[in-house]
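Novice:
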Amino acid sequence: MDPPGGTVITIVVDNRVENGLVEEHGLSLRIETGNRAILFDTGQGKALRPNAEQLGVDLKKINMLVLSHGHYDHTGGVAEVLRLATKADVYCHAGVVQPRYSIRDGKARAIHMPRKSMSAIDELSEERLHWIHEPVMISNTVGITGPVPRETNFEDRGGPFYLDPEGQRVDMIDDDMALWIRTGGGVVVCVGCCHAGLVNTLRYVTELTGKNAIRAVIGGFHLVNADSRRLEETVRALRVIDPEMIVPCHCTGDEATGVLQRELGGRVHPGVAGMTFRF
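Using our numbering, count along the sequence shown one by one with no gaps and you end on 261.
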């Protein structure tokens, strides 16, 4: 059964926007399902509140905050959300708060969660902070994958990511998780960056939900640096998984989005902040 009133997902923050919204390299989705108001990621933090206000999203009414992983462009608004949503529970992997770096051309750039966000999480009570290390249901119809098994031979974490600025410890981004919602027409999957791989993630959700059909997948697919083989294998796998709707956002990349549109046709709807989907 669909949750009472169905499921409504609004893209609040994205790299691309509808007229009048604030553009930001990041992602945030508001999910309404049953009596739950869930915020999935927060973007970098500058676009969240103005976009929420313009879209009629009341951040004070958020009762669950789910973090897909610990990068700055998904966690920068955590403190603001928790300041407004004073009773919201937070769901994330413990790895979200560790130092992280991207190293290109020998130069390290910090990409971890901002200290302000870390402090806000640190101040939460044990009752409100839920560390997720395995699949869990957070309502009758909403689940979180926990860490996603890495099984394909063509997907990688998507970039030169490390746990130290010297590049000695590779960051596999083990905290990468997805959220899914069971609806009458199949499962809707929300992803942050898919550092575990889009195909790995969708196959795992299918396994967790009892082989239910994937109705839609929405979020960042991190195909911006994907080579032709990865794109070809991803398209081939998506044809088998057969989601009704594919909404690439954020870090998917223009080239990859174009390939998905060309190969998979009308089921692909490039996402921008301001879009709303009803299931």
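Glycine included, every Cβ here is placed at the ideal spot set by N, Cα and C.
In this text, all values refer to a predicted model and were calculated from it rather than measured experimentally.
Can you tell me which of the three DSSP states F190 falls into?
Specialist: Note on identity: in this sequence residue 190 is Leu, with Phe being the wrong assignment. It is helical.
Novice: So, using beta-carbon positions, are V199 and I163 closer together than 8 angstroms?
Specialist: no
Novice: Using 8 angstroms as the threshold, is the region 65 to 76 in touch with the region 90 to 101, meaning 3 or more CB pairs across them?
Specialist: Output reads no: the region 90 to 101 does not touch the region 65 to 76.
Novice: Quick check on DSSP: helix, strand or coil for R218?
Specialist: helix
Novice: Does the separation of the CB atoms of F203 and I(-9) fall below 8 angstroms?
Specialist: no
Novice: Might you give, ordered along the chain, the residues of its own chain that have their beta carbon closer than 8 angstroms to the beta carbon of V152, omitting 5 neighbours on each side?
Specialist: F143, Y144 and L145
Novice: If V60 sits next to S99, beta carbons under 8 angstroms apart, how far is it from one beta carbon to the other, in whole angstroms?
Specialist: 4 angstroms
Novice: Check whether the Cβ atoms of H115 and D71 lie closer than 8 angstroms to each other.
Specialist: no
Novice: Please check the pair N33 and V(-6), which I expect to be a contact at CB under 8 angstroms, by giving their CB distance rounded to whole angstroms.
Specialist: 5 angstroms
Novice: Exposed or buried, which one is V222 when buried takes at least 16 other CB atoms within 10 Å?
Specialist: exposed
Novice: For E14, name the three-state secondary structure that DSSP assigns.
Specialist: In this structure, E14 counts as strand in the three-state DSSP scheme.
Novice: For the beta strand (DSSP E) containing V171, name the first residue and the last one.
Specialist: From DSSP, the beta strand (DSSP E) with V171 extends over G168 to V173.
Novice: On the DSSP bridge assignment, give the partners of V124 in chain order.
Specialist: I163
Novice: By how many angstroms is the C-alpha of K193 removed from the C-alpha of R(-2)?
Specialist: In this structure, the CA atom of R(-2) is about 33 angstroms from the CA atom of K193.
Novice: What does H94 pair with, by DSSP beta-bridge criteria?
Specialist: Per the DSSP secondary-structure output, H94 pairs in a beta bridge with H53.
Novice: If you follow the alpha helix (DSSP H) that D71 is in, where does it begin and where does it stop?
Specialist: Element bounds for D71: not the alpha helix (DSSP H) but the beta strand (DSSP E), D71 to C74.
Novice: Any idea if G88 is buried or exposed, counting beta-carbon neighbours within 10 angstroms, 16 or more meaning buried?
Specialist: G88 sits exposed, since fewer than 16 C-beta atoms from the chains shown fall within 10 Å of its C-beta.
Novice: Going by the beta-carbon positions, is the gap between D23 and V78 smaller than 8 angstroms?
Specialist: no
Novice: Please classify P230: does DSSP put it in a helix, a strand, or coil?
Specialist: Here P230 carries a strand assignment [DSSP, helix/strand/coil].
Novice: Taking the alpha carbon of L49 as the point to measure from, which residue in G149, I155, P225 and K28 has its own alpha carbon closest?
Specialist: Nearest option by C-alpha distance: I155.
Novice: Would you mind sorting M46 into buried or exposed? The rule is 16 or more other CB atoms within 10 Å of its CB.
Specialist: buried
Novice: Taking the alpha carbon of P131 as the reference point, which residue from Q36, R185, L161 and I196 has its own alpha carbon closest?
Specialist: Ranked by Cα distance from P131, the options Q36, R185, L161 and I196 are led by R185.
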